[in-house]
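So the protein sequences, as listed, match chains A and B. Count the first sequence with my numbering and you get residues 237 to 566, in order. Count the second sequence with my numbering and you get residues 8 to 154, in order. By construction, the Cβ of each residue, glycine as well, lies at the ideal position given by its N, Cα and C atoms. All of these numbers come straight from a predicted model, not from anything done at the bench. A quick write-up on the structure given underneath.
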Amino acid sequence: MNRRELVVGAAAGALALGSGGLAETLRRRSTFGYDGLEVLGANVQPITPNDKFYVVTKNLIDPRVERDRWRLKVCGLVETERTLDLDEVTSMRAVEQETTLECISNAVGRGLISNAAWRGVPLSTLIEAARPRSGARRVFLHAADGYTHSTSLAKALEPTTLLAYEMNDEPLPDRHGFPARLIVPGAYGEVSVKWIDRIELVDDDRKGYYEQQGWEAQRAHTMSRIDVPAKNSTVGGRVEVRGGAFAGDRGISKVEVSTDGGGSWHEAEIGYHPSRLTWALWSFAWRAAAGEHELVVRATDGTGTLQSPVEEGSVPDGATGLHRVPVRVE
Amino acid sequence: MIGLLAGLVVLFASLVFRVGLGVPLPVELVSDRFLPFVPVEAFVPSLGVVGGPVLAKQLAFYSSFVVLVAIGVSATRVYARIERRPLPILAGVAVVAWLLAVAVLWPALASNYHGAPPDEARMVAAGALAVLFGLLVATVHLTRRYA
Numbered sequence: 237m238n239r240r241e242l243v244v245g246a247a248a249g250a251l252a253l254g255s256g257g258l259a260e261t262l263r264r265r266s267t268f269g270y271d272g273l274e275v276l277g278a279n280v281q282p283i284t285p286n287d288k289f290y291v292v293t294k295n296l297i298d299p300r301v302e303r304d305r306w307r308l309k310v311c312g313l314v315e316t317e318r319t320l321d322l323d324e325v326t327s328m329r330a331v332e333q334e335t336t337l338e339c340i341s342n343a344v345g346r347g348l349i350s351n352a353a354w355r356g357v358p359l360s361t362l363i364e365a366a367r368p369r370s371g372a373r374r375v376f377l378h379a380a381d382g383y384t385h386s387t388s389l390a391k392a393l394e395p396t397t398l399l400a401y402e403m404n405d406e407p408l409p410d411r412h413g414f415p416a417r418l419i420v421p422g423a424y425g426e427v428s429v430k431w432i433d434r435i436e437l438v439d440d441d442r443k444g445y446y447e448q449q450g451w452e453a454q455r456a457h458t459m460s461r462i463d464v465p466a467k468n469s470t471v472g473g474r475v476e477v478r479g480g481a482f483a484g485d486r487g488i489s490k491v492e493v494s495t496d497g498g499g500s501w502h503e504a505e506i507g508y509h510p511s512r513l514t515w516a517l518w519s520f521a522w523r524a525a526a527g528e529h530e531l532v533v534r535a536t537d538g539t540g541t542l543q544s545p546v547e548e549g550s551v552p553d554g555a556t557g558l559h560r561v562p563v564r565v566e
Numbered sequence: 008m009i010g011l012l013a014g015l016v017v018l019f020a021s022l023v024f025r026v027g028l029g030v031p032l033p034v035e036l037v038s039d040r041f042l043p044f045v046p047v048e049a050f051v052p053s054l055g056v057v058g059g060p061v062l063a064k065q066l067a068f069y070s071s072f073v074v075l076v077a078i079g080v081s082a083t084r085v086y087a088r089i090e091r092r093p094l095p096i097l098a099g100v101a102v103v104a105w106l107l108a109v110a111v112l113w114p115a116l117a118s119n120y121h122g123a124p125p126d127e128a129r130m131v132a133a134g135a136l137a138v139l140f141g142l143l144v145a146t147v148h149l150t151r152r153y154a
């Protein structure tokens, strides 16, 4: 090896080591360890702890937005464009609102759904302060990571649509959108934009990141799920069947359980359902006869509409169908 | 070896920009620019083919490093084949490539993972791309000439 090769080789080695160190830093911060985190099974709690809350993200590495650099701009078809920092946002009249979010890719029986108490400012407060022009009819939302989504101006002005900056009495964790995210009840989670930095009022139908792909997330379907007992488990004669149900912003009026594969239905007791924006946690005391059974659950939303039994995948507007859990009773 | 060095310089710089300034990695810029155009009917099954979204992300993350090094190796080989005035030619190609990258990636350049406002983020990201192309040319030229 001549001197030239030695110098180049040493430099390459040093750069490889340096790159490896930086790549490892990014890998540790990456979403690889938590993207797709689910909430289901026997340990489901009414309020999901922040570190257990489901996560679905487009990112390899989620943003770590610096508090002092963050600005929220309200722009587009408004009379008064506004730019606010976090102190200005948090000094506005805040509301606390428990809201369940569900990912549009949540399959029947799966756990890409969680519930939290969010604190923030109604989005209507911010938009009305900017005085929308008469032609504005949609809101295009931008985030620090390049993510975008749209919603109707009417939805944005609903009093339950929030710009949230706290989650379960803590500042939003980085992975959940620090310093601020939207909470859009009734729509699937992809509309509740994390790391939001721009709210643009528009008069056209431009589409956001997932909307361009063809996802239709504006209305969450009614869903229900059995958490206990687990699929294919063996249980005793007295069984407490438990689970959750959710219907976007329509609330849950009834949950029914079948122990014979859908032949007959029994009304379950709803134990936790503080508002129409949250999931309902239910239970059903089942005196089971020995043998093979198939448990099925279905929910009725707050408008009286029964959950669709038609089995459809999550593409393009969210999954439908009934959750079925085969069990053996001894 | 010079090609490897050039690729590693570009890789190292892109990682420094990502960790230090929140500038998206090239793979993040490219995926954010083009993935929205993939219809969901194709997007979801394609994730399944590579073992799910997390494995797909890991594949993209690590393979992008290989791609950057391969670009360095390729640029060095091209440079070696240019008999007359290789530096102006390689620099010219780099400028065109930078302009093309900025034009094509323009919407994605507004992203910044540390929260820089969009206009500032776009300038920083475009500048970072310019630095990456510049480093590539400079490394190839200087190492071939002086090392």
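Neighbouring residues, chain A, relative to residue i (Cβ below 9 Å)
{"i": "H121(B)", "result": "P299, R300, V301, E302, R305, A380"}
{"i": "V144(B)", "result": "Here the premise fails: no neighbours, minimum Cβ distance about 17 Å."}
Span of the alpha helix (DSSP H) around residue i
{"i": "Q333(A)", "result": "Q333(A) -> not in any alpha helix (DSSP H); beta strand (DSSP E) instead, spanning 331 to 338."}
{"i": "G55(B)", "result": "47 to 56"}
{"i": "S360(A)", "result": "359 to 365"}
{"i": "I506(A)", "result": "Segment 505 to 508 is the beta strand (DSSP E) holding I506(A); no alpha helix (DSSP H) there."}
{"i": "F140(B)", "result": "125 to 153"}
Residue range of the beta strand (DSSP E) that includes residue i
{"i": "R40(B)", "result": "Run containing R40(B): none in the beta strand (DSSP E); it sits in the alpha helix (DSSP H), 33 to 41."}
{"i": "I435(A)", "result": "432 to 438"}
{"i": "S327(A)", "result": "Premise fails: S327(A) is in no beta strand (DSSP E) and is neither H nor E."}
{"i": "I419(A)", "result": "417 to 419"}
{"i": "K490(A)", "result": "488 to 494"}
{"i": "V532(A)", "result": "527 to 537"}
{"i": "Y445(A)", "result": "Looking at the DSSP string, Y445(A) is not in any beta strand (DSSP E); the run it does join, the alpha helix (DSSP H), is 445 to 449."}
{"i": "G59(B)", "result": "Where G59(B) is concerned, there is no enclosing beta strand (DSSP E), given that its DSSP letter is neither H nor E."}
{"i": "L389(A)", "result": "L389(A) -> not in any beta strand (DSSP E); alpha helix (DSSP H) instead, spanning 389 to 392."}
{"i": "L308(A)", "result": "308 to 312"}
Secondary structure of residue i, DSSP reduced to three states
{"i": "M459(A)", "result": "strand"}
{"i": "F19(B)", "result": "helix"}
{"i": "P93(B)", "result": "helix"}
{"i": "I283(A)", "result": "coil"}
{"i": "V244(A)", "result": "helix"}
{"i": "S544(A)", "result": "coil"}
{"i": "A343(A)", "result": "coil"}
{"i": "W113(B)", "result": "helix"}
{"i": "W581(A)", "result": "Beyond the ends of chain A as shown, which are 237 and 566, falls residue 581(A); an answer cannot be given."}
{"i": "F482(A)", "result": "strand"}
{"i": "Y86(B)", "result": "helix"}
{"i": "G356(A)", "result": "strand"}
Contacts of residue i in chain A (Cβ-Cβ under 7 Å)
{"i": "M8(B)", "result": "E241, V244, G245, A248"}
{"i": "T150(B)", "result": "V244"}
{"i": "A117(B)", "result": "G382"}
{"i": "R25(B)", "result": "L262"}
{"i": "E35(B)", "result": "L296"}
Chain-ordered chain B contacts of residue i [CB-CB under 7 Å]
{"i": "Y445(A)", "result": "P43"}
{"i": "Q449(A)", "result": "P43, V45, P46, V47, F50"}
{"i": "P552(A)", "result": "V47"}
Contacts that residue i makes with chain B (C-beta to C-beta distance below 9 Å)
{"i": "S266(A)", "result": "K64, Q65, F68"}
Cβ separation of residue i and residue j, assumed to be a contact under 8 Å, to the nearest whole Å
{"i": "M403(A)", "j": "V357(A)", "result": "Contact doesn't hold; Cβ gap of about 14 Å is too wide."}
{"i": "W105(B)", "j": "L136(B)", "result": "6 Å"}
{"i": "P43(B)", "j": "Q543(A)", "result": "Between Q543(A) and P43(B) the Cβ distance is about 31 Å, and since that is not below 8 Å, they are no contact."}
{"i": "A483(A)", "j": "G538(A)", "result": "7 Å"}
Partner residues on chain A for residue i, Cβ-Cβ distance less than 8 Å
{"i": "F72(B)", "result": "S255, A259"}
{"i": "V138(B)", "result": "Those within 8 Å of V138(B) in chain A number zero; the least Cβ separation is about 15 Å."}
Chain B contact residues for residue i, given Cβ-Cβ distances below 8 Å
{"i": "L251(A)", "result": "L12, L15, V16, L18, F19"}
In chain order, what residues of the region 254 to 278 of chain A put their CB closer than 8 Å to some CB of chain B? G254, S255, L258, A259, T261, L262, R263, S266, T267, F268, D271, G272
What are the residues in the region 421 to 440 of chain A lying within 9 Å of chain B by C-beta distance? W431, D433, R434
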